[in-house]
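Adding 107 to a residue's 1-based position in the sequence shown gives its number in the numbering used here.
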Amino acid sequence: MSNLQGINVYIDRYAQIRLLKFTKNFKIILVLGARQVGKTTLLKHLFKDARYFVFDPTQDLYNVRVDPDLFLKTFEPPMILDEIQYTPELLSSLKRHVDAMDQKGLYFLTGSQNFAALKNVSESMSGRVGILELGPMTPFERCGISLNQTWISHYLKSPETFHQQPFSLLKERMLDSMWRGGYPGTLDFEIDDLRDFYKSYVQTYTERDIRLLCNIKDVHTFSAFLSAQAALTAQESNHSQIANTVGITVKTAHEWSNLQSYGYQTFTVPPYSGNLLKRVSKSPKAYLTDTGLACYLLRITSPDALLGHPAFGALFETFCVSMIRSILAFDNVQFHHWRTNAGAEVDLIIERDGMFFPIEFKAKTNPTRGDARGILQFTKDYPGLKVQKGLVIHGGTEIIPLGSHAMAVPWNCFFA
Numbered sequence: 108m109s110n111l112q113g114i115n116v117y118i119d120r121y122a123q124i125r126l127l128k129f130t131k132n133f134k135i136i137l138v139l140g141a142r143q144v145g146k147t148t149l150l151k152h153l154f155k156d157a158r159y160f161v162f163d164p165t166q167d168l169y170n171v172r173v174d175p176d177l178f179l180k181t182f183e184p185p186m187i188l189d190e191i192q193y194t195p196e197l198l199s200s201l202k203r204h205v206d207a208m209d210q211k212g213l214y215f216l217t218g219s220q221n222f223a224a225l226k227n228v229s230e231s232m233s234g235r236v237g238i239l240e241l242g243p244m245t246p247f248e249r250c251g252i253s254l255n256q257t258w259i260s261h262y263l264k265s266p267e268t269f270h271q272q273p274f275s276l277l278k279e280r281m282l283d284s285m286w287r288g289g290y291p292g293t294l295d296f297e298i299d300d301l302r303d304f305y306k307s308y309v310q311t312y313t314e315r316d317i318r319l320l321c322n323i324k325d326v327h328t329f330s331a332f333l334s335a336q337a338a339l340t341a342q343e344s345n346h347s348q349i350a351n352t353v354g355i356t357v358k359t360a361h362e363w364s365n366l367q368s369y370g371y372q373t374f375t376v377p378p379y380s381g382n383l384l385k386r387v388s389k390s391p392k393a394y395l396t397d398t399g400l401a402c403y404l405l406r407i408t409s410p411d412a413l414l415g416h417p418a419f420g421a422l423f424e425t426f427c428v429s430m431i432r433s434i435l436a437f438d439n440v441q442f443h444h445w446r447t448n449a450g451a452e453v454d455l456i457i458e459r460d461g462m463f464f465p466i467e468f469k470a471k472t473n474p475t476r477g478d479a480r481g482i483l484q485f486t487k488d489y490p491g492l493k494v495q496k497g498l499v500i501h502g503g504t505e506i507i508p509l510g511s512h513a514m515a516v517p518w519n520c521f522f523a
């Protein structure tokens, strides 16, 4: 989805396939995700006949908080109810309202904060609501590549042979994709204007969303906390380190990290331990959801400036993992990372149908067998697992064999 308002361009999202299926099974559909990931644009495009209402944290324009039943009786569905977390009073009335109806796909709700009010939707409306999480737009979506053409989809289907098929590469430059990020509203922005977008984004997020969730008195300290999270993206979660860096307590760092997760600004990947509990890390890895925002927080001023930045490798991993999460958001998979006390590690392990798919991320253009050492070690340490041939995702242009246990694949590879 694009914010090219003058040209009126819409870009198909992978989520819309699942969303349209939801309309046949659920009376209520809840679309969750960070600010500006395209939730409203997606719903307005697919359901053009639906009435649209957006709720505000301070104003009650439709008197919904006072009399939610009257609101629902006044306006006929289908309806798009934007930022539903600001009107939790509506949820119980909505439940009673849809119970008296037989049709599906009546109400479309959005939320950008996954706190108690939104959790109550699934708890109180079991069987009535389908919940869909929308992530940042991927480069494959921007370029019109179908879900089944992406390298990750092909890899999970045929890990041993997918590389034997003819492939193509996206035209987008890696540095540009990482630095711009995946918020659809930035697609028509010139590079020089992106800083203003992210400045406004952070200001709105900290001064509106966060203050509604938590009484944060010092916005500047919270902004420093955001920058510290960006500097530590793709690393194991360490609240003590962030607390020392920012000058806050460990308890506060933990609470603020939860707020970031509630607002879909960060996500974590849990560790895989198997039976080697004493030898492997038990800490999750933490990522910022969008590398465009991360680059802004780290004051990286241009795509080319990424090359010399100490966080370049971590940002490339963040970029790839976030992209994979968006592509596989509606697949039944589990994500893990793996690291031993001796230093062997695998950045991402995808568990699917009892099989394990290990993936490493290297921003370099010429990966070698040494870059797949962690994949080989994981395979040796878990002989009882169905570990598939691993991948080293890299910034080059070729698929390169790295022995019998792994191959290197370009980040922007897709198949016809």
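All C-beta atoms, glycine included, are put in the ideal place defined by N, C-alpha and C.
Since the model is a prediction, treat every value here as computed from it, not as a measurement.
May I have the straight-line CA-CA distance separating residue 111 from residue 447, to the nearest angstrom?
One-based indexing of the sequence shown puts residue 111 at position 4. One-based indexing of the sequence shown puts residue 447 at position 340. Reliability fails at residue 111, whose pLDDT of 37 lies under 50, so the model's placement of it is uncertain and no value is given.
Suppose only complete runs of 4+ residues qualify. What are the alpha helix (DSSP H) ranges in the stretch 287-333, listed by chain order?
Qualifying alpha helix (DSSP H) stretches, in chain order: 298-311.
Suppose the cutoff is 6 Å on Cβ atoms and the five residues either side in sequence are ignored; what does the same chain contact list for residue 170 look like?
For this step, residue 170 is matched to residue 63 along the sequence shown. Annotation for residue 170: no residue places its beta carbon closer than 6 Å to its own, counting only its chain and skipping 5 residues before and after.
Are the beta-carbon atoms of residue 433 and residue 243 separated by less than 8 Å?
One-based indexing of the sequence shown puts residue 433 at position 326. One-based indexing of the sequence shown puts residue 243 at position 136. Judged by beta-carbon spacing, residue 243 lies within the 8 Å limit of residue 433, meaning their Cβ atoms are closer than that value.
Distance, residue 375 Cα to residue 144 Cα:
Here residue 144 refers to the residue found at position 37 of the sequence shown. Here residue 375 refers to the residue found at position 268 of the sequence shown. Computed Cα separation, rounded: 19 Å.
With a threshold of 16 other CB atoms inside 10 Å of the CB of residue 399, please say whether the residue is buried or exposed.
Here residue 399 refers to the residue found at position 292 when the sequence shown is read from its first residue. Around the CB of residue 399, 16 or more other CB atoms lie within 10 Å, so the residue is classed as buried.
Terminal residues of the beta strand (DSSP E) in which residue 465 lies:
In the sequence shown, the residue the question calls residue 465 occupies position 358. DSSP places residue 465 in the uninterrupted beta strand (DSSP E) bounded by 462-469.
8 Å contact criterion, which residue 336 and residue 373 should meet: CB distance rounded
Within the sequence shown, the letter at position 229 stands for residue 336. Within the sequence shown, the letter at position 266 stands for residue 373. At roughly 7 Å, the Cβ-Cβ gap stays under 8 Å, so residue 336 and residue 373 are in contact.
Same chain, Cβ closer than 7 Å to residue 114, five either side skipped, listed in chain order:
For the purposes of this step, residue 114 is taken as residue 7 along the sequence shown, with counting starting at 1. For residue 114, the pLDDT reaches just 43, beneath the cut-off of 50, and the residue's location in the model is therefore unreliable, although a value from the coordinates is still provided. Excluding residues within five positions, none has a Cβ falling inside 7 Å.
Looking at C-beta atoms only, is the number of pairs between the stretch 253-272 and the stretch 300-312 that lie closer than 8 Å three or more?
Counting Cβ pairs under 8 Å, fewer than three are found: no touch.
Is there contact here, the stretch 429-443 with the stretch 389-398, by at least three beta-carbon pairs under 8 Å?
A contact exists between the stretch 429-443 and the stretch 389-398.
Helix, strand or coil for residue 524 per DSSP?
There is simply no residue 524 to check, as the chain begins at 108 and stops at 523 in what is shown.
Determine the burial state of residue 327: buried for a count of at least 16 other Cβ atoms within 10 Å of its Cβ, exposed for fewer.
Against the sequence shown, residue 327 aligns to sequence position 220. It counts as exposed.
Taking the continuous beta strand (DSSP E) assigned at residue 392, which residues delimit it?
For this step, residue 392 is matched to residue 285 along the sequence shown. That run of the beta strand (DSSP E) goes 392-395.
Under 7 Å from any heavy atom of the ligand NAD, does the C-beta of residue 154 make it?
The model on display carries no ligand, and the ligand NAD is accordingly not part of it.
If we call anything under 8 Å between Cβ atoms a contact, is residue 482 one with residue 513?
Position 375 of the sequence shown, counting from 1, holds the residue named residue 482. Position 406 of the sequence shown, counting from 1, holds the residue named residue 513. It is a contact, given that the beta carbons lie within the stated cut-off.
Buried or exposed: where does residue 523 fall if 16 or more other Cβ atoms within 10 Å of its Cβ makes it buried?
On the sequence shown, position 416 is the one that residue 523 refers to. Exposed, by the Cβ-count rule.
Kindly indicate which residue of 333, 259 and 377 has the alpha-carbon position closest to the one of residue 274.
The count along the sequence shown starts at 1 and reaches residue 274 at position 167. Closest by alpha carbon: 259.
Residue 392 and residue 341 look like a contact to me (Cβ under 8 Å); what is the Cβ gap, rounded to whole Å?
The count along the sequence shown starts at 1 and reaches residue 392 at position 285. The count along the sequence shown starts at 1 and reaches residue 341 at position 234. Sure, about 6 Å apart at Cβ, within 8 Å.
Going by beta-carbon coordinates alone, are residue 136 and residue 126 separated by less than 8 Å?
Here residue 136 corresponds to residue number 29 of the sequence shown, with the count starting at 1. Here residue 126 corresponds to residue number 19 of the sequence shown, with the count starting at 1. Yes, the Cβ-Cβ distance between residue 136 and residue 126 is below 8 Å.
Note down, in chain order, each residue of its chain lying with its Cβ closer than 7 Å to the Cβ of residue 287, except the 5 sequence neighbours on either side.
Position 180 of the sequence shown, counting from 1, holds the residue named residue 287. Cβ neighbours of residue 287 beyond the five flanking positions: 293, 301 and 399.
Between residue 119 and chain B, is the shortest Cβ-Cβ distance under 8 Å, so that the two count as touching?
The structure shown contains no chain B; it holds only a single protein chain.
Exposure of residue 478, with buried meaning 16 or more beta-carbon neighbours within 10 Å:
If you number the sequence shown from 1, residue 478 lands on position 371. The Cβ neighbour count for residue 478, taken over all protein chains shown within 10 Å, is at least 16; the residue is labelled buried.
The beta strand (DSSP E) that contains residue 99, what's its start and end?
No information on residue 99 is available, as it lies outside the stretch 108 to 523 that the chain covers here.
Could you work out which residue in 155, 410 and 505 is closest to residue 521 when comparing CA atoms only?
As a working mapping, residue 521 is identified with position 414 in the sequence shown. Relative to residue 521, the option among 155, 410 and 505 whose CA is nearest is 505.
To the nearest whole angstrom, what separates the beta carbons of residue 474 and residue 494, a pair I think is in contact under 8 Å?
The sequence position of residue 474 within the sequence shown is 367, counting from 1. The sequence position of residue 494 within the sequence shown is 387, counting from 1. Between residue 494 and residue 474 the Cβ distance is about 19 Å, and since that is not below 8 Å, they are no contact.
Between residue 109 and the rest of its own chain, which residues show a CB-CB distance below 6 Å, the 5 nearest in sequence each way excluded?
The count along the sequence shown starts at 1 and reaches residue 109 at position 2. Confidence at residue 109 is low in this model, with a pLDDT of 38, below 50, so the placement of that residue is unreliable and no value is reported for it.
Supposed contact pair residue 338 and residue 412 - C-beta distance, whole angstroms, cut 8 Å:
In the sequence shown, residue 412 corresponds to position 305, counting from 1. In the sequence shown, residue 338 corresponds to position 231, counting from 1. Actually they do not touch by this definition, with Cβ atoms about 15 Å apart.
To test your reading of the DSSP string, which unbroken beta strand (DSSP E) runs of 3 or more residues are found completely within the stretch 162-208?
Listed in chain order, the complete beta strand (DSSP E) runs (minimum 3 residues) inside the stretch 162-208 are 186-189.
Tell me the DSSP secondary structure of residue 529 in three-state form.
Nothing can be reported for residue 529: it is not among the residues displayed for the chain, which extend from 108 to 523.
Buried or exposed: residue 257, going by 16 or more other Cβ atoms within 10 Å of its Cβ?
Position 150 of the sequence shown holds residue 257. Under this definition residue 257 is a buried residue.
What does DSSP give as the partner residues of residue 446 in its beta bridges?
The residue you call residue 446 lines up with position 339 of the sequence shown. DSSP output for residue 446 lists 452 as bridge partner(s).
When burial is assigned at 16 or more other CB atoms within 10 Å of the CB, is residue 315 buried or exposed?
The residue labelled residue 315 in the question sits at position 208 within the sequence shown. Burial call: exposed.
Burial state of residue 121 (16 or more Cβ within 10 Å):
Numbered from its first residue, the sequence shown carries residue 121 at position 14. Classification for residue 121: buried.
What are the boundary residues of the alpha helix (DSSP H) that residue 347 is part of?
As a first step, residue 347 is located in the sequence shown; it is residue number 240 there, counting from the start. Counting along the chain, residue 347 sits inside the alpha helix (DSSP H) bounded by residues 346-353.
If the criterion is Cβ atoms closer than 8 Å, does the pair residue 333 and residue 309 meet it?
For the purposes of this step, residue 333 is taken as the residue at position 226 of the sequence shown. For the purposes of this step, residue 309 is taken as the residue at position 202 of the sequence shown. Yes, the Cβ-Cβ distance between residue 333 and residue 309 is below 8 Å.
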